[in-house]
Amino acid sequence: MFVSVKERTNIIGIQKSLGAKNYFILFQFLFESVFLSIIGGGIGILLVFLLTLIPQDMMKISLSAGNIILGLGVSAVIGMLSGIIPAVLASNLDPVIAIRSK
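Heads up: the sequence shown begins at 187 in this note's numbering, then just goes up one per residue.
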């Protein structure tokens, strides 16, 4: 997320100069971070589901609705924690300095 903020610094400056509030930019980056984490968690759950289709002799692997919800919830929390600092830094940028940086 730090790279994402750094790549879009001038776009953030343009948004802020057009009147975007700090909470809008904060929400934008937090949403992206959580969304990417949930997609990754969903892919992991899909891989575990495919693993449950293979006959297992040594151990039984099961995937319940509770495990799916727990996995996606943990992914969302990790996305929130990993995106909060870059999102706060992006929302606190000065518009003039952000537009000038490249």
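Every residue gets a Cβ at the ideal spot worked out from N, C-alpha and C, and that includes glycine.
- Between PRO281 and GLY205, the C-beta gap is not smaller than 7 Å, which leaves the two residues out of contact.
- Boundaries of the alpha helix (DSSP H) around LEU267: 251–277.
- Only buried fits GLN201, as 16 or more other CB atoms lie within 10 angstroms of its CB.
- Using a C-beta cut-off of 8 Å, the segment 251–267 makes contact with the segment 215–229, since at least three inter-stretch Cβ pairs fall below that distance.
- Here ILE224 is not near SER190, since their CB atoms are 7 Å or more apart.
- Excluding sequence positions up to five before and after ILE285, its CB lies within less than 8 Å of the CB of ASN196, GLY199, ILE200, SER203, all in the same chain and listed in chain order.
- GLY205 carries a coil assignment under DSSP once its states are collapsed to helix, strand and coil.
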